[in-house]
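A short write-up of the structure that comes next.
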Amino acid sequence: MFTMKTILRPVFRHSFLFRRSMSRCTAVNRFFVYAPDRKDPDTHVKRHAVRPQHFAEIKPHIDGGTVQVAGMVLSSDQTEATKGQKKAEASMLIVKADTIDEVKQLIERDVYYTSGVWDTEKLIILPFVSATPLL
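Positions in the sequence shown are counted from 1; adding 1353 to them yields the numbering used here.
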């Protein structure tokens, strides 16, 4: 028979181990970036026109480990399995950097930013702590 004590014991044990393992980790600054696309009718076309340049310019940051996660956020009516050209709503990145200013500079140099794909007024950059390992 399960009692509240036997049910909660593993939860408390896990949370203690998690806190303990997190305290031994070295500090790494990571930032979550949400860059929504402009709502202009030609933004989708513009995004695809500059996409090769965007990939070429961000690749060294990915290879060097600065950009740890990157991708496009799809509209709610699409999935990864949707055939044909995807319609992006935004871009999402997890960036490793010493300061938020470094992340801002990286984003502001991106061709999606400079060519007007991203809505720069709605850009979000926040400190991020991962609960799972990042590759």
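For glycine and all other residues, C-beta sits at the position ideal for the given N, C-alpha and C.
- The three-state reading of DSSP puts Arg1383 in strand, counting E and B together.
- Between Ser1444 and Ala1402, the gap from beta carbon to beta carbon reaches 8 Å or more.
- Cβ-Cβ separation between Val1381 and Lys1457: approximately 18 Å, too far for a contact (criterion under 8 Å).
- Cβ contact annotation for Val1398 (same chain, cutoff 6 Å, sequence separation greater than five): none.
- Taking Asp1451 as the centre and dropping the five residues before and after it, the same chain places the C-beta of Asn1382 closer than 8 Å to its C-beta, in chain order.
- Annotated three-state conformation of Asp1454 is helix, per DSSP.
- Rounded to whole angstroms, the separation of the alpha carbons of Phe1384 and Glu1455 is 10 Å.
- Taken in chain order, the complete alpha helix (DSSP H) segments of 4 or more residues contained in the region 1390-1447 are 1396-1416.
- Less than 8 Å divides the Cβ of Tyr1465 from the Cβ of Arg1400.
- Between the beta-carbon of Leu1476 and that of Ile1453 there is about 12 Å, and that puts the pair past the 8 Å contact cut.
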